[in-house]
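Heads up, the sequence shown is in the working numbering, so the first residue is 835 and it goes up one at a time.
Glycine residues also receive a C-beta, built at the ideal position from the N, C-alpha and C atoms.
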Amino acid sequence: MSQDALAVQNASRRSAKARRDWTLNAVVLALFALFLWWGDGSMARALGWDWLPAKLNGYQVQILNLVAVYGILALSLNLIYGFTGMFSLGHAGFMAIGAYVSALCVLPAAQKEMMWLIDPIMWPFSVLHTPFWISVVLGGLAAAFIALFIGFPVLRLGGDYLGIATLGFAEIIRVLIVNLTPITNGSLGIKGLPAHTTLLTSYLWLFLVLFGMVRLLNSNFGNVLKAVRDDEVAAQVMGIDVFRSKLFSFCLGAFLAGVGGALLGNLLTTIDPKMFNFQLTFNILMIVVAGGLGSLTGSILGSVIITVLLEWLRVVESPLDVGVFTIPGIPGMRMVVFSVVLLLIILYRREGIMGMREITWDGIFGFFGRARRRLRGESRPDGEDGA
């Protein structure tokens, strides 16, 4: 076969594979959207189908929403740490900025006037009022602007020094929130936020973030970020503006963290400074590391596993009846068991569940094909990857 004919054949195969992947993605996305539409009861209300089975209860909806929000936050931190190699511990600060800016935008003026008890709310925040979607974007933009401001000095640091600097930034933001009472209501926090973060809105944001990051990381600039992560000196030698690339990644990650903070605030309907401590950053970092640094699907998978596992392990803190005996619950035991599980993951899967790999349709079909051949006792075809 000539080289031209071989090239045409390969191009045809790639085109057919791309059409297959897009079709399967669209089908899965449509089915998942129908599940979310049914899950929060919107389908039955919109169509008037009273015969539909009962929707998900409030607790299940809350867990699914948390999975989506933590997925967005994990993707944002993975962009900074996993794909660009910057060890940042300031995510809680960016989330706080997004949450508070969104809350100030989405609350009506009359409600803000009644809520600010210590000091009157400062103008123009007293009259500012925007729709929910705009407030989320403004929260993300505010976080990105602050990231741009602090990025010039701190991104010249590297490794652990960058982590310490961003951790200090997050603590500064928390202290400012406590003391800027005319803007943030201080330690009282902001309560009574409208519950705009529904299943459809949270997962729509997750899809948009995931789609945008896939496009970015598969572009030439995505290769630039990975080159900076792998070896900054080599990237500079190749003519890459390392500082500008790191600054862009840092600001984009901060924007997504601000969006996640805004969604979290409108999900919980209340925010206060105590929410945005180092523990929150650690939880997001834990999801990223467990899922796999440098893996988008690993971040999503990690958010599902960690969120569900943390909720499921609440049973170890509850009293347990064994016949006529009752074993009292042990407060804090949930985190002990969870830490042991996380330790086992790190010991046996140091690169995380996914490593730097992604879940693809080729990988799924290959997995089931290998499983089917093992059940039949067949050998692997020559040339097939056994991984």
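Item, Value
"So the alpha helix (DSSP H) residue 980 belongs to, where does it begin and stop?", "966-988"
"Between 988, 1179 and 1168, which has its C-alpha nearest residue 923's C-alpha?", "988"
"Helix, strand or coil, according to DSSP, for residue 889 in the structure here?", "coil"
"Which residue comes first and which comes last in the alpha helix (DSSP H) that contains residue 1035?", "1033-1051"
"Here's the rule I'm using: 16 or more other beta-carbon atoms within 10 Å means buried, otherwise exposed. How should residue 970 be labelled?", "buried"
"What is the rounded straight-line gap between the Cα of residue 1188 and the Cα of residue 1135?", "9 Å"
"Please name the residue, chosen from 1039, 1030, 1042 and 1082, that lies closest to residue 1055 on a Cα-to-Cα basis.", "1082"
"Which of the three DSSP states, helix, strand or coil, is assigned to residue 1159?", "strand"
"Spatial neighbours of residue 1069 within its chain, please: CB distance less than 7 Å, with the 5 preceding and 5 following residues excluded, ordered by chain position.", "1061, 1062 and 1076"
"Which stretch, first to last residue, makes up the alpha helix (DSSP H) that contains residue 1169?", "1167-1182"
"Based on the DSSP output, what are the partners of residue 1105 in its beta bridges?", "1024"
"Applying the 10 Å Cβ sphere with the 16-neighbour rule, what's the burial state of residue 958?", "exposed"
"Where does residue 1019 sit, in a helix, a strand or coil, going by DSSP?", "coil"
"To the nearest whole angstrom, what separates the beta carbons of residue 1163 and residue 1173, a pair I think is in contact under 8 Å?", "The Cβ separation is near 18 Å, so there is no contact."
"I want to know whether the region 997-1008 touches the region 962-978 - three or more CB-CB distances under 8 Å.", "no"
"Specify, as a first and last residue, the run of the alpha helix (DSSP H) that residue 1118 falls within.", "1112-1125"
"According to DSSP, simplified to helix, strand and coil, what is residue 799?", "Past the edges of the chain, shown from 835 to 1221, lies residue 799, and the structure says nothing about it."
"Please name the residue, chosen from 1019, 1140 and 889, that lies closest to residue 1171 on a Cα-to-Cα basis.", "1140"
"Assuming residue 1054 is part of the alpha helix (DSSP H), what are its boundary residues?", "1054-1064"
"Please name the residue, chosen from 914, 1048, 1211 and 1142, that lies closest to residue 902 on a Cα-to-Cα basis.", "1142"
"Would you decide whether residue 1037 is buried or exposed? Buried here means 16 or more other CB atoms lie within 10 Å of its CB.", "buried"
"Between residue 1050 and the rest of its own chain, which residues show a CB-CB distance below 7 Å, the 5 nearest in sequence each way excluded?", "1056"
"Just to confirm, is the Cβ distance from residue 908 to residue 1129 under 8 Å?", "no"
"Out of curiosity, what's the CA-to-CA distance linking residue 852 and residue 864?", "18 Å"
"Taking 8 Å as the threshold, find out whether the region 944-953 comes into contact with the region 1090-1106 through three or more Cβ pairs.", "no"
"Under the three-state reduction of DSSP, which class applies to residue 902: helix, strand or coil?", "helix"
"Just the C-alpha distance for residue 848 and residue 858, rounded to the nearest angstrom, thanks.", "15 Å"
"Would you decide whether residue 1080 is buried or exposed? Buried here means 16 or more other CB atoms lie within 10 Å of its CB.", "buried"
"Does residue 936 pass the burial test, meaning 16 or more other C-beta atoms within 10 Å, or should it be called exposed?", "buried"
"Buried or exposed for residue 965, please, with buried defined as at least 16 other CB atoms from any protein chain shown within 10 angstroms of its CB.", "exposed"
"Where does residue 968 land, buried or exposed, given buried means 16+ other C-beta within 10 angstroms?", "exposed"
"Quick check on residue 926: buried or exposed, where buried means 16 or more other Cβ atoms within 10 Å of its Cβ?", "buried"
"Judging by CA-CA distance, which residue of 1032, 1131, 1160 and 1185 is the nearest neighbour of residue 1197?", "1131"
"I want to know whether the region 888-902 touches the region 1024-1040 - three or more CB-CB distances under 8 Å.", "yes"
"At the level of alpha carbons, what is the spacing between residue 870 and residue 861?", "14 Å"
"So residue 1185 and residue 1126 are in contact, right, with Cβ under 8 Å, and what is the actual spacing, rounded?", "6 Å"
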